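Undergrad:
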Amino acid sequence: MAQQGFSKSDYEIQTLTDGRWLTESVQSTQKKAIERAEQLHEGHKFEGVRVIENRQSADESDVIFEQMADGPINKVLKVGNVEEAPVCDALADYYTLPARLTAGRLLRQYLDDQGLTVLELAYNAGQLNMLERTEPFFNQVVQRAASLQARKSGEKPAKHVDALYSAFGQVRDRARESDEFKEYTETLKKSGLQAAIDEVKSTVSPENRRIYILGALAPQISALGDWDAKLQYLVDLFNATKSEEAETYLDEVIAEILDGTEAVNELLGGQQEPAVAFPMLVQLTTGNCPIPGYSKGCLEQLNSLMERRPLPLAKQVLLERVERGLSGIRPLTREGRDKDRQAFVTLIRQLTSHIGLLGGPGMCHAVTLRGKMLLSSGEGDLSIPQSIDQVQMLIPNRLARLGYLSDLSQSDLGEENGKDVLHALMHEGKQVAAMQRPADGSMSDAVLQETVAALKEKLSPTPLPDVAKTAMIKGLDAMLEKAPADGGGEETPDQEGGEQTMSSQPIDRKTVHTGSSIFVEGEEGAEAYLIADGEIEIFRKTGNRETIIATLGRGEIFGEMSLIDNQPRMASARATADSDLIVISQESLGNRLKKLEATDRVMRRLIDMLVNRLRGLARIPE
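Position one of the sequence shown corresponds to residue 22 (the numbering used here), numbered consecutively onward.
1) Taking K531 as part of the beta strand (DSSP E), name the residues at either end of that continuous run.
2) Compute the Euclidean distance between the alpha carbons of F67 and E59, then round it to the nearest angstrom.
3) Pop quiz: Y270 and I234 are said to be a contact at Cβ under 8 Å. What is the actual Cβ separation, rounded to whole angstroms?
4) For P313, count the other beta carbons within 10 Å of its own beta carbon; 16 or more makes it buried, fewer makes it exposed. Which is it?
5) Quick check on S537: does DSSP put it in helix, strand or coil?
6) Classify A571 as helix, strand or coil using the three-state DSSP reduction.
7) When DSSP labels each residue in this structure, what does T38 get in the three-state scheme?
8) So, for L142: in the same chain, excluding its five sequence neighbours on each side, which residues have a beta-carbon less than 6 Å away from its beta-carbon?
9) Use the C-beta contact count for D424: other C-beta atoms within 10 angstroms, 16 or more gives buried, fewer gives exposed.
10) How far does the alpha helix (DSSP H) with N150 in it extend, from its first residue to its last?
11) For A146 versus R193, is the C-beta distance shorter than 8 Å?
12) So T354 packs on A296, CB below 8 Å; how close in whole Å?
13) Which same chain residues end up closer than 6 Å to G380 when comparing Cβ atoms and leaving out the 5 residues on each side of it in sequence?
14) For the 8 Å Cβ check, are there 3 or more pairs between the segment 247-260 and the segment 306-323?
15) Applying the criterion that 16 or more other CB atoms from any shown protein chain within 10 Å of the CB defines a buried residue, is Q35 buried or exposed?
16) Between which residues of its own chain and A239 is the CB-CB distance below 6 Å, once the five residues before and five after are set aside?
17) Ignore the nearest five residues each way along the sequence and tell me which others in P107's own chain have a CB closer than 7 Å to its CB.
18) With DSSP as the reference, label M89 as helix, strand or coil.
19) Confirm, please, whether the CB-CB distance from I405 to D441 is below 8 Å.
20) Of all the options G190, V72, G236 and S398, which has the alpha carbon lying nearest to the alpha carbon of E33?
21) Quick one: measure Cβ to Cβ for R195 and I218, integer angstroms, because I've assumed they're closer than 8 Å.
22) Residues bridged to S374 by DSSP?
23) My understanding is that A445 touches L426, with C-beta atoms under 8 Å, so please give their C-beta distance in whole angstroms.
24) Would you tell me roughly how many angstroms separate the C-alpha atoms of L573 and I559, rounded to the nearest one?
25) Would you call the segment 169-176 and the segment 268-282 in contact, with 3 or more CB pairs under 8 Å?
26) Kindly provide the ranges of any alpha helix (DSSP H) runs that are 4 or more residues long and lie completely inside the segment 171-229, ordered along the chain.
27) Using DSSP's beta-bridge definition, name the partner residues of N75.
28) Select from D31, K53, T306 and K52 the residue whose C-alpha is nearest the C-alpha of T373.
29) Using 8 Å as the threshold, is the segment 389-403 in touch with the segment 534-549, meaning 3 or more CB pairs across them?
30) Looking only at C-alpha atoms, which of S408, A335 and E156 sits nearest to K99?
31) Relative to the C-alpha of L390, which residue among Y254, S432 and Q452 is closest?
32) Under a three-way DSSP split, which group does G383 fall into?
33) Can you grab the Cα-Cα spacing for the pair G536 / S430, in whole Å?
34) Exposed or buried, E220, counting other C-beta atoms within 10 Å across all chains shown (16 or more means buried)?
35) Could you tell me which uninterrupted alpha helix (DSSP H) segments, each at least 4 residues in length, are contained entirely in the segment 276-304, listed from first to last along the chain?
36) Where do the ends of the beta strand (DSSP E) carrying D554 lie?
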């Protein structure tokens with residue numbers, strides 16, 4: 022995969038904790054790097070801080086700034102923010118991934134300081150003893166976990182407190198008997214993970230097999246120095262196995278590592294602002310992550326693995342990290358609201374799949390909340406219905422919009438705003454039922470069949486009335502029946518040339534409410550719109566002053582210039598009345614322009630010249 026461009030030097034900021042130098046972030050200029058290093062030094066949270074200049078052209082590095090702590094380190098361990106915890110009945114339950122992830126999130130600060138996962142901790146008696154001595158932190162973790170379990174079980178927290186202390190003692194006793202895992206670790210080293218699994222299955226009772234299989238893996242991972250080395254080892258093991266059973270265990274451990282903040286920072290080449298980190302994590306889940314020029318670790322190998330092999334647990338953990346970030350209020354950039362909005366719009370497009378947004382109901386909840394803050398054309402927040410409208414406008418495929426709304430209806434936000442979500446879902450479902458197939462013709466029959474099956478599954482648990490739900494499912498099934506055998510879009514010959522006319526294509530519609538923004542100046546344009554009903558205002562913004570360019574009504578088209586010349590939007594558009602829009606996709610218009618060029622190159626060139634001149638006029642200051 023091609024690497025992104027980089028400057029002649031980048032500046033790596035590292036912090037010293039427990040004798041280990043860890044990358045905190047990477048800056049493009051020396052000035053910014055030293056300013057950041059001085060901030061970290063003044064916080065008294067690290068034993069030392071330094072800046073390393075990496076000269077890419079010469080492949081050389083020099084320490085250009087280093088400052089050691091000149092006083093005591095302010096290190097107060099805090100319990101991680103967790104909202105639920107699984108109830109574990111048997112000892113083996115504490116070794117399952119949900120239990121390990123919960124423990125990891127509660128212990129996050131401690132584990133990151135030690136460079137450990139919960140898996141490694143569970144098989145290291147010395148580390149378990151150290152953890153128990155971190156008063157009052159250890160007791161706070163137990164109390165928090167017990168209260169979450171009690172909320173789920175309906176029992177008194179004290180019962181769960183006793184059970185957790187007892188389980189901790191049993192886990193530590195197991196860790197002290199590490200010799201019983203050694204033979205399986207040796208088999209793993211010599212013959213691979215599946216061979217170790219087979220040996221465990223032939224010698225260990227079923228209820229204890231998970232403990233022994235993970236016991237074979239844990240010392241191998243603990244022996245490695247940093248997160249990158251641990252991930253590289255697991256990627257290599259994954260590439261060497263063809264066993265689904267072994268893949269599941271490896272997926273678990275990779276997911277557990279990727280749930281850690283320091284591990285992700287190290288993987289991405291340092292701490293990144295959300296506008297950079299979130300798209301990289303989303304693209305990593307599909308094996309399409311751009312590899313930065315400064316990347317020195319296993320990001321490229323992990324990206325390749327995720328492209329080729331199924332790692333559902335690791336992908337889920339990465340998407341949940343993005344979801345948690347979007348659910349908060351931390352800005353995506355340090356450059357203000359406009360840049361945040363641009364980054365958010367780009368992220369939504371990267372999250373969009375054929376069946377909605379990657380990450381399911383939780384991601385749809387988070388995106389809608391963040392859209393409420395960022396997708397308004399003014400300074401204030403949108404209402405939830407307006408945010409839903411805006412998010413839909415950014416999802417180019419009607420089937421994907423149906424998936425988004427179906428998932429949103431299953432989220433907490435969907436339950437709180439049930440009437441608005443159901444209204445949007447029913448409207449979108451009616452439009453889908455009238456389609457022959459996706460308007461942009463981008464899906465083969467095989468993909469369309471998978472998409473329809475997935476959407477029917479998403480619709481099943483929604484709170485839609487049975488009549489409406491049945492009608493939507495029938496509409497989706499009918500779409501498959503209408504699909505031609507060759508996987509292309511249906512074409513209806515016209516009377517003269519046999520080419521597809523606008524009226525013969527499936528019509529993709531969008532409904533927008535009064536005040537909703539349709540697009541914003543500076544955005545990339547992927548669609549134009551024909552107003553079937555309503556009123557749209559086109560305007561430009563200079564500082565705090567708006568200039569109205571045009572007010573358009575039924576039968577008029579807008580947004581077409583960006584589709585013709587692939588340039589950013591020159592103006593913004595918003596609905597001044599509830600409006601019904603017919604969507605003209607870039608592919609659809611592009612196909613028509615190609616046909617025009619084949620029959621009349623002069624007219625095609627004239628269109629380009631007119632668009633160019635209109636843009637020139639638009640750039641002239643008022």
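Just so you know, even glycine gets a beta-carbon here, dropped at the ideal spot from N, CA and C. What you are looking at is a predicted structure, and each value in this text was computed from that prediction instead of being measured.
TA: Considering the structure as presented:
1) Here the question's residue 531 lines up with position 510 in the sequence shown. Element bounds for K531: D529 to V533.
2) Taking the sequence shown and counting its residues from 1, one reaches residue 67 at position 46. Taking the sequence shown and counting its residues from 1, one reaches residue 59 at position 38. Using only the alpha carbons, I get a separation of about 12 Å.
3) Residue numbering aside, residue 270 sits at position 249 when the sequence shown is read from its first letter. Residue numbering aside, residue 234 sits at position 213 when the sequence shown is read from its first letter. Rounded to the nearest angstrom, the Cβ distance from Y270 to I234 is 6 Å, consistent with a contact under 8 Å.
4) Here the question's residue 313 lines up with position 292 in the sequence shown. By the neighbour-count rule (16 or more Cβ atoms within 10 Å), P313 is buried.
5) Reading the sequence shown from its first residue, position 516 is the one you call residue 537. Residue state, collapsed to three classes: coil.
6) Here the question's residue 571 lines up with position 550 in the sequence shown. It is a strand residue.
7) Counting from 1 along the sequence shown, the entry for residue 38 is found at position 17. Three-state DSSP puts T38 in a strand.
8) Walking along the sequence shown from the start, residue 142 turns up at place 121. Within its own chain, the residues whose Cβ lies closer than 6 Å to the Cβ of L142, once the five positions on either side in sequence are excluded, are Q148, listed in chain order.
9) Stepping through the sequence shown from its first residue, residue 424 is reached at position 403. In the sequence under discussion, the amino acid at residue 424 is Gly, which differs from the Asp named in the question. In this structure G424 is buried. Its beta-carbon is surrounded by 16 or more other beta-carbon atoms within 10 angstroms.
10) Here the question's residue 150 lines up with position 129 in the sequence shown. Where N150 is concerned, the enclosing alpha helix (DSSP H) stretches over A146 to E153.
11) The sequence position of residue 146 within the sequence shown is 125, counting from 1. The sequence position of residue 193 within the sequence shown is 172, counting from 1. In terms of Cβ geometry, A146 and R193 form a close pair [threshold 8 Å].
12) Working through the sequence shown from its first residue, we reach residue 354 at position 333. Working through the sequence shown from its first residue, we reach residue 296 at position 275. Indeed, because the Cβ distance is near 5 Å, the residues count as touching under 8 Å.
13) Along the sequence shown, one-based indexing puts residue 380 at 359. Taken in chain order, the residues that qualify are L340 and E344.
14) Using a Cβ-Cβ distance cut-off of 8 Å, the segment 247-260 and the segment 306-323 are in contact, since at least three pairs of beta carbons, one from each stretch, lie closer than that value.
15) Start at 1 with the first residue of the sequence shown, and residue 35 comes out as number 14. Counting Cβ neighbours within 10 Å, Q35 comes out buried, since at least 16 surround it.
16) Here the question's residue 239 lines up with position 218 in the sequence shown. These residues qualify, in order along the chain: L140, E141 and Y144.
17) By one-based count along the sequence shown, residue 107 stands at place 86. The residues are P119, A120 and T123.
18) Counted from its first residue, the sequence shown places residue 89 at position 68. Strand.
19) Here residue 441 refers to the residue found at position 420 when the sequence shown is read from its first residue. Here residue 405 refers to the residue found at position 384 when the sequence shown is read from its first residue. In contact: D441 and I405 (Cβ atoms closer than 8 Å).
20) Sequence index remark: in the sequence shown, residue 33 carries index 12 (1-based). That would be V72, whose Cα lies nearest to the Cα of E33.
21) As a working mapping, residue 195 is identified with position 174 in the sequence shown. As a working mapping, residue 218 is identified with position 197 in the sequence shown. The distance from the Cβ of R195 to that of I218 is about 19 Å, inconsistent with a contact at the 8 Å cut-off.
22) For the purposes of this step, residue 374 is taken as the residue at position 353 of the sequence shown. Looking at the DSSP output, S374 bridges to G377.
23) Translated into positions along the sequence shown, residue 445 becomes position 424. Translated into positions along the sequence shown, residue 426 becomes position 405. Right, the Cβ-Cβ distance comes to about 6 Å (below 8 Å), so this counts as a contact.
24) Working through the sequence shown from its first residue, we reach residue 573 at position 552. Working through the sequence shown from its first residue, we reach residue 559 at position 538. Between L573 and I559, the C-alpha separation is close to 8 Å.
25) Result no; under three Cβ-Cβ pairs closer than 8 Å.
26) DSSP runs (the alpha helix (DSSP H)) wholly in the segment 171-229: 178-197, 200-212 and 214-224.
27) Here the question's residue 75 lines up with position 54 in the sequence shown. Secondary-structure assignment with DSSP links N75 through a beta bridge to D31 and S82.
28) The count along the sequence shown starts at 1 and reaches residue 373 at position 352. It is T306.
29) Counting Cβ pairs under 8 Å, three or more are found: they touch.
30) As a first step, residue 99 is located in the sequence shown; it is residue number 78 there, counting from the start. Answer by Cα proximity: E156.
31) Reading the sequence shown from its first residue, position 369 is the one you call residue 390. Looking at the Cα atoms, S432 is the closest of the given residues.
32) Translated into positions along the sequence shown, residue 383 becomes position 362. In this structure, G383 counts as helix in the three-state DSSP scheme.
33) Here residue 536 refers to the residue found at position 515 of the sequence shown. Here residue 430 refers to the residue found at position 409 of the sequence shown. Distance between the alpha carbons of G536 and S430 is about 23 Å.
34) Sequence index remark: in the sequence shown, residue 220 carries index 199 (1-based). Classification of E220: buried, given that the 10 Å Cβ count is 16 or more.
35) For the segment 276-304, the continuous alpha helix (DSSP H) assignments of 4+ residues that do not extend past its boundaries occur at 282-288, in sequence order.
36) Here residue 554 refers to the residue found at position 533 of the sequence shown. Note, D554: beta strand (DSSP E), E548 to D554.
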